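For reference, the structure discussed in these notes is given below.
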Amino acid sequence: MVDLFGGNPNNPLASTVDSDDSVQLLDTTLRDGEQAPGVSLTPDEKADIARSLDRANIEFIEAGSACTGEGERETIRQVTALDLDATVTSFARGVQNDIDLALDCDVDGVTIVVPASDKHIERKVGTTHDEVVENTAELVEYAKDHGLWVEVIGEDGSRADLDFLERLMREALDAGADRSCFADTVGHATPETAYEYVSRLAELGPVSTHTHDDLGLGMTNVWASLAAGADLVHGTINGIGERAGNVALEEVAIALSHGYGVETAKLEDLYDLAQQVSHATGVPLPPNKAVVGENAFTHESGIHTDGTLKDDTMYEPYPPELVGRERRLVLGKHAGRAGVRAALEEHDVEVSEEELAAVVERVKRLGDRDKRVTDADLLAIAEDVQGRERERYVELLDLTAASGGGTPTASVRLRVGDEERVASGTGSGPVDAAVKAVRAALGSEADAQLESYHVDAITGGTDAVVTVEVEMSKGDRTVTVATSDSDITRCSVDAMVEALDRLLGSAAVEPDTESEGATLADD
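Next up, the structure:
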């Protein structure tokens with residue numbers, strides 16, 4: 001169906017596919033993804049993620065395992081009550097009660113998982129191959145009689161005897177199953193194995209593929225499966241899942257679109273979806289993660305930055321806007337003149353060629369000290385090189401924060417222009433309370449958006465020094481600032497105040513004295 005070596009669809013040598021519907025996606029973030037160690041999603045979080053998946057045009061959503069317990073069933077009911085366009089399914093073991101529990105949740109379908117390998121049949125379940133085949137056919141008939149969409153997954157299929165797996169799936173399809181699924185349950189398969197197994201199953205009827213990344217081959221095995229005839233891919237957002245995780249659906253979606261012209265999802269929704277799942281699960285995105293990682297469209301090298309500024313396709317396979325991203329040029333030891341000049345121009349700073357050379361040299365020296373050069377660093381360097389003294393507009397004079405056993409509170413004293421302002425705030429923690437106090441002190445001037453907030457410990461022990469990096473935006477301006485301190489609350493507020501100072505500059509406005517918690521300090 002898909003020529004693995006066809007290349008971009010704009011290439012006349014690329015193969016064609018039958019239609020945009022030739023490949024579909026089944027998202028199992030809410031079931032297999034939640035089985036990642038340490039991950040537990042609330043019912044509201046699952047419902048919100050399901051809405052986002054549906055908006056992104058994901059065709060199938062596995063909402064959970066109805067057999068897990070009443071709490072899980074209530075969560076699945078919350079998802080099915082959303083009346084999504086997607087087909088909502090429940091995981092079900094090879095027992096009739098699991099199907100009944102799924103029916104009680106009003107799902108559209110079930111993925112029935114039955115043992116396929118000798119190890120699972122004989123040692124895990126303690127049954128025979130004939131009994132597995134007979135039981136599977138009966139379960140499929142029962143589920144279809146109750147109006148469900150049915151997919152049969154042969155658990156540990158990549159280690160199953162292929163002749164038996166073929167027999168099992170033939171009987172399931174004959175009993176009415178809508179499709180079979182090749183499951184590389186422990187990430188054991190090589191691409192050759194995936195291709196061979198899926199080819200045999202595809203001769204029987206519609207086949208899906210479910211891969212894990214234990215050997216780092218999850219994505220490769222998906223492609224081998226598609227080449228062999230699979231037309232539905234199981235996966236999770238960000239690739240979260242048990243052990244090394246599942247294949248990442250956002251990667252499958254962009255690769256199918258960019259490489260083969262097959263559209264499976266709304267690509268522009270992928271980044272927000274990835275951020276939503278990362279926040280809900282507490283699993284951070286690796287910076288170098290394809291499609292959605294922080295560095296996916298970030299350039300530092302002078303040669304790459306210069307080339308990207310001249311032609312944005314020079315060092316990128318597809319435009320970041322396609323997946324809801326923006327291109328970023330960062331500065332460090334590899335920075336070049338073109339990148340530094342572009343960064344300065346973003347902040348309306350003009351420099352001569354001589355001044356530019358001096359700024360580049362100091363940026364490189366700062367980068368050599370193993371330091372990320374932020375916007376605030378760059379602007380401070382430029383001001384020093386040009387001999388300009390910049391008067392601060394927002395300055396932190398005092399900070400007090402407390403949590404104890406009650407609600408975390410904080411108070412700040414700021415100098416804003418020629419005034420001193422005092423404000424307080426409460427929050428979910430001392431950092432949150434302090435940030436709210438700063439916003440209260442600034443009133444309407446604090447309408448800047450906090451785009452990102454990162455904390456890194458740079459020393460060990462109980463007196464560890466942390467670095468906080470924030471990215472804030474106001475209108476079409478964005479500023480990054482990094483600060484270090486042993487007090488994470490002070491460090492966070494310092495970074496935020498510095499960013500606000502850079503964004504607000506000298507554009508003073510009348511203080512908003514009616515903002516809750518904000519007062520002018522006594523002289």
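When the sequence shown is numbered by full-length UniProt numbering, its final residue is 523 and no position is left out of the sequence of numbers. Glycine included, each C-beta is placed from N, C-alpha and C at the ideal position. A quick note: this is a predicted structure, and the numbers were derived from the prediction, not measured.
Can you name, in chain order, every residue of its own chain whose Cβ lies under 8 angstroms from the Cβ of T87, other than the five neighbours on each side? E59, F60, I61, D108, G109 and W149
Does the stretch 117-131 come within contact of the stretch 73-90, defined as at least 3 CB pairs closer than 8 angstroms? no
Using 8 angstroms as the Cβ pair cut-off and three pairs as the minimum, do the stretch 347-363 and the stretch 394-407 touch? no
Taking G475 as the reference, which of E389, R369, H347 and K364 has the closest Cα? H347
For C105, name the three-state secondary structure that DSSP assigns. The answer is coil: DSSP assigns C105 none of H, G, I, E or B.
Using 8 angstroms as the cut-off, can you tell me whether the stretch 60-78 makes contact with the stretch 268-282, which would need three or more C-beta pairs spanning the two stretches below that distance? The way I'd put it, the stretch 60-78 doesn't touch the stretch 268-282; fewer than three beta-carbon pairs between them come closer than 8 angstroms.
Inter-residue Cα distance where the pair is S52 and P319: 22 angstroms
Taking only three categories from DSSP, how would you classify N246? strand
Who does H234 pair with in a DSSP beta bridge? Residue pairing for H234: DSSP places it in a beta bridge opposite L26 and H210.
In three-state DSSP terms, what is G64? strand
Exposure of S117, with buried meaning 16 or more beta-carbon neighbours within 10 Å: With 16 or more Cβ atoms within 10 Å of its Cβ, S117 is classed as buried.
Length of the line joining the Cα atoms of L504 and A81: 46 angstroms
At 3 residues or longer, what runs of the beta strand (DSSP E) sit wholly inside the stretch 404-430? 409-416 and 419-426
Give the DSSP-derived three-state secondary structure of R73 in the structure shown. helix
Paired residues, beta bridge with G154 - DSSP: V114 and F182
Between S199, E171, E155 and A423, which lies nearest to A137 when the distance is taken from Cα to Cα? E171
Is the CB-CB distance between S424 and A410 below 8 angstroms? yes
CA nearest to the CA of A253, picked from D231, V349 and G245: D231
How would you call N221, buried or exposed, if buried means at least 16 neighbouring beta carbons within 10 angstroms? buried
Pick helix, strand or coil for F164, following the three-state DSSP scheme. helix
My output table needs one value for R200: the three-state DSSP class, helix, strand or coil. helix
Between the Cα of L162 and the Cα atoms of Y197, G339, H188 and D269, which residue gives the shortest distance? Y197
Entirely enclosed beta strand (DSSP E) segments - the stretch 444-510, minimum 3 residues: 449-457, 466-474 and 477-485
Roughly how many whole angstroms lie between the Cα atoms of residue 525 and L249? Not covered by the structure: residue 525. The range shown for the chain is 1 to 523.
Leaving out five residues before and five after R77 in sequence, what residues of the same chain have Cβ atoms less than 6 angstroms from its Cβ? C105
Would DSSP call T298 helix, strand or coil? In the structure shown, the three-state DSSP call for T298 is strand.
Where S90 falls: helix, strand or coil (DSSP): strand
Reference A433; option with closest CA among V465, L101, G38 and I488: I488
Which of helix, strand or coil DSSP assigns to L84: In the structure shown, the three-state DSSP call for L84 is coil.
One question on the structure: do L270 and V207 come within less than 8 angstroms of each other, judged by their Cβ atoms? no
For my contact list, G367 and G332 are in at a C-beta cut-off of 8 angstroms; report their separation, rounded to the angstrom. Contact annotation, G367 with G332: C-beta distance approximately 4 angstroms; criterion of less than 8 angstroms satisfied.
Using 7 angstroms as the cut-off, classify the Cβ of V262 as near or not near the heavy atoms of the ligand COA, replying yes or no. In the structure shown, the ligand COA is absent, as is every other ligand, since no ligand is present at all.
Report the rounded CA-to-CA distance for A50 versus A265, giving the unit in angstroms. 14 angstroms
Spatially closest choice to T281 from L26, V479 and L41, by CA coordinates: L41
Comparing C-alpha positions only, which one of E242, A437 and V247 sits nearest to T236? Comparing Cα positions, the closest option is V247.
So what does S400 bridge to, in DSSP terms? Note on identity: in this sequence residue 400 is Thr, with Ser being the wrong assignment. By DSSP's assignment, T400 forms a beta bridge with S411.
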